[in-house]
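Participant: Residue numbers (our numbering): -19 to 201.
#1: Would you kindly check if the distance between the Cβ of residue 162 and the Cβ of residue 182 is under 8 Å?
#2: Please classify residue 65: is it buried, with 16 or more other beta-carbons within 10 angstroms of its beta-carbon, or exposed?
#3: Between residue 80 and the ligand NAD, is the CB less than 7 Å from at least one heavy atom?
#4: With DSSP run on the structure shown, which of helix, strand or coil describes residue 190?
#5: Which residue marks the beginning of the beta strand (DSSP E) containing residue 53, and which one marks its end?
#6: Near residue -17, what residues of its chain come up, given a Cβ to Cβ distance below 6 Å and the 5 sequence neighbours on each side ignored?
#7: Is residue 184 helix, strand or coil when you go by DSSP?
#8: Would you mind giving the Cβ-Cβ distance between residue 69 and residue 121, rounded to the nearest angstrom? I have them listed as a contact below 8 Å.
#9: In whole angstroms, give me the CA-to-CA distance for residue 16 and residue 93.
#10: With DSSP collapsed to three states, give me the class of residue 175.
#11: When we look at the beta-carbon of residue 24 and count the other beta-carbons within 10 Å, is it buried (16 or more) or exposed?
#12: Would you list the residues sitting across from residue 21 in a DSSP beta bridge?
#13: Closest by CA to residue 192, which one among 154, 5, -7?
#14: Among residues of its own chain, excluding the 5 on either side of residue 76, which ones have a beta-carbon nearer than 7 Å to its beta-carbon?
#15: Compute the Euclidean distance between the alpha carbons of residue 90 and residue 159, then round it to the nearest angstrom.
#16: Using DSSP with H/G/I as helix, E/B as strand and the rest coil, what is residue 155?
#17: Assign residue 61 to one of two classes, buried (16 or more other C-beta atoms within 10 Å of its C-beta) or exposed (fewer than that).
#18: Do you know offhand how far residue 195's Cα is from residue 3's?
#19: Among 131, 117, -8, which one has its Cα closest to the Cα of residue 8?
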């Protein structure tokens, strides 16, 4: 018996709805064949801050960016003699519609390998029909989809760092800075502004003046 005959069957991909009700009779959307590749992109956002005395702006971390997942999905109903739009593609379209209770499209998991650890919403779907029944009814569809990571504010706050290995920093206040914005940039959490206020003896956080240097202490558990 050849090695190819002993090879395990590749795992099928499944799109599972975990919040919302886009379908009438199911909460899962199976894909006919597993993708040959996918693209997972993760990024962070940076901003620039002008500081008097420096010849160029200082680049500072702004926030984390949402991950995106892109792949081609293949749906096939040729052997069943059915319309691939009615069986699958219409359900893909339903995943793009805003759920009335969630006020977002349905929240999804892509059940395939380690992609399951993310929550997603479907951002776009580009459909191509490539095989047809004798009467012209579409029987096979290739759908290029892009998912965007979904992480609501309460989950982000739970995951926000509560400790920091960084040493104490000095922040020179510029026009428009607030303790809230500084805490957001340094700690990833604007609610931690009190640590900065306490370290600098600030009783009124609304009286920051441009040019003042603030001690930004490391976070402690």
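All C-beta atoms in this analysis are idealised placements derived from N, C-alpha and C, irrespective of residue type, glycine included.
Facilitator: Looking at the coordinates:
#1: no
#2: buried
#3: For the ligand NAD, the structure offers nothing, since it holds no ligand at all.
#4: coil
#5: 48 to 56
#6: Interpretation of residue -17 is limited by its pLDDT of 49, a score under 50 that renders its predicted location unreliable; the figure taken from the coordinates is listed afterwards. Contacts found: none.
#7: coil
#8: That belief holds up - the Cβ atoms of residue 69 and residue 121 are roughly 5 Å apart, short of 8 Å.
#9: 13 Å
#10: helix
#11: exposed
#12: In DSSP, residue 21 forms a bridge with 48.
#13: 154
#14: Answer for residue 76: 85, 102, 105, listed in chain order.
#15: 39 Å
#16: Coil.
#17: exposed
#18: 54 Å
#19: The shortest CA-to-CA distance from residue 8 to any of 131, 117, -8 is the one to -8.
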